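**Student:** Line order of the protein sequences matches chains A and B.
Using the numbering used here, you'd call the opening residue of the first sequence number 1 and step up by one each time.
Using the numbering used here, you'd call the opening residue of the second sequence number 117 and step up by one each time.
The structure's right below; bear with me while I get my questions together.
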Amino acid sequence: DSGVTQTPKHLITATGQRVTLRCSPRSGDLSVYWYQQSLDQGLQFLIQYYNGEERAKGNILERFSAQQFPDLHSELNLSSLELGDSALYFCASSPRDRADSGNTIYFGEGSWLTVV
Amino acid sequence: GQQVMQIPQYQHVQEGEDFTTYCNSSTTLSNIQWYKQRPGGHPVFLIQLVKSGEVKKQKRLTFQFGEAKKNSSLHITATQTTDVGTYFCAGPGGYNKLIFGAGTRLAVHP
Chain A
1 DSGVTQTPKH LITATGQRVT LRCSPRSGDL SVYWYQQSLD QGLQFLIQYY
51 NGEERAKGNI LERFSAQQFP DLHSELNLSS LELGDSALYF CASSPRDRAD
101 SGNTIYFGEG SWLTVV
Chain B
117 GQQVMQIPQY QHVQEGEDFT TYCNSSTTLS NIQWYKQRPG GHPVFLIQLV
167 KSGEVKKQKR LTFQFGEAKK NSSLHITATQ TTDVGTYFCA GPGGYNKLIF
217 GAGTRLAVHP
């Protein structure tokens, strides 16, 4: 158990719909990261927040947005869903801001999104 | 942008054989991390290497960071079925991003 909690674990929704994925980081961690993993694909970095502020952006679509709340939990909002958005979405957390030495990130178990 | 290349993409071995995956970066890395993802699971942190030429061992796993800090390898001696999974390397891709390689999927045949 990494200490990172993600909900829901599984989600099936129709194209065009909007969903929200939720993440609670490990106790004490201020950084939250979102990654997308499609079938047989690697981990694609989407976005990172540190203590409520957006810090880094990856290949995140305009239809997707995220935020980190004062209690440090984060939500990833996916809208106008397409079939190709079906993937495993991981949240991860780390104590610090920078991706530097000692700042290991810990992954949650992921949220499986299936768009039909 | 920063890229972390990992090879091979797939590796099938017989139980007891050795396995190695390689990671290369286009730029010098301040550190490199290795993760393992079991089938159906989530990436789990294995180790971090920081120093040039650093070698670390975890039981049958040996991790190495190149002298130029641009490449790294993970070697598993005498694979077991419990080693099955995808092994990812990851390095800093800018101030805040941790960029993952594409991963090497290891299959171990008993």
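Yeah, the Cβ is synthetic: ideal placement off N, Cα and C, and Gly gets one too.
This structure is a prediction, so every number in the text was calculated from the model and none was measured.
1. Spell out whether any CB of chain A is found under 8 angstroms from the CB atom of residue 215 (chain B).
2. If you measure from the beta carbon of residue 117 (chain A) to each beta carbon in chain B, is any gap under 8 angstroms?
3. Going by DSSP, name the residue or residues bridged to residue 105 (chain B).
4. Kindly list, in the order they appear in chain E, the residues whose Cβ is closer than 7 angstroms to that of residue 218 (chain B).
5. Which residues, taken in chain order from the region 158 to 172 of chain B, show a beta carbon closer than 9 angstroms to some beta carbon of chain A?
6. Just list the residues that DSSP pairs residue 115 (chain A) with in beta bridges.
7. Can you give the Cα-Cα distance for residue 65 (chain A) and residue 225 (chain B), rounded to whole angstroms?
8. Do residue 172 (chain B) and residue 145 (chain B) have their C-beta atoms closer together than 8 angstroms?
9. Here's the rule: buried if 16 or more other CB atoms are within 10 angstroms of the residue's CB, otherwise exposed. What is residue 92 (chain A)?
10. Can a CB atom of chain B be found closer than 8 angstroms to the CB of residue 12 (chain A)?
11. Cα-Cα, which of A:33, A:63 and A:26 is closest to residue 1 (chain A)?
12. Listed from N- to C-terminal order along the chain, which residues in the region 195 to 207 of chain B have their beta-carbon within a distance smaller than 7 angstroms of any beta-carbon of chain A?
**Tutor:** Let me spell this out:
1. For the purposes of this step, residue 215 (chain B) is taken as the residue at position 99 of the second sequence. Residue 215 (chain B) counts as touching chain A.
2. Since the first residue of chain A shown is 1 and the last is 116, residue 117 (chain A) is not available in this structure.
3. In the structure as shown, chain B begins at 117 and stops at 226. Residue 105 (chain B) is therefore absent and cannot be evaluated.
4. Among the chains of the structure shown, chain E does not appear; the protein chains present are A and B.
5. Residues of the region 158 to 172 of chain B with a C-beta less than 9 angstroms from any C-beta of chain A: 158, 159, 160, 161, 164 and 166, listed in chain order.
6. Position 115 of the first sequence, counted from the start, is the residue given in the question as residue 115 (chain A). Looking at the DSSP output, residue 115 (chain A) sits in a beta bridge with A:13.
7. The residue you call residue 65 (chain A) lines up with position 65 of the first sequence. The residue you call residue 225 (chain B) lines up with position 109 of the second sequence. Their Cα atoms are separated by approximately 42 angstroms.
8. Along the second sequence, read from residue 1 onward, the residue named residue 172 (chain B) stands at position 56. Along the second sequence, read from residue 1 onward, the residue named residue 145 (chain B) stands at position 29. Cβ atoms of residue 172 (chain B) and residue 145 (chain B): not closer than 8 angstroms.
9. Counting from one through the first sequence, the residue named residue 92 (chain A) turns up at place 92. Here residue 92 (chain A) is buried: its Cβ has 16 or more other Cβ atoms, across all protein chains shown, within 10 Å.
10. As a first step, residue 12 (chain A) is located in the first sequence; it is residue number 12 there, counting from the start. It does not; no Cβ of chain B falls within 8 angstroms.
11. Along the first sequence, read from residue 1 onward, the residue named residue 1 (chain A) stands at position 1. Minimum Cα distance to residue 1 (chain A) is reached at A:26.
12. Within the region 195 to 207 of chain B, the residues whose Cβ lies closer than 7 angstroms to some Cβ of chain A are 204, listed in chain order.
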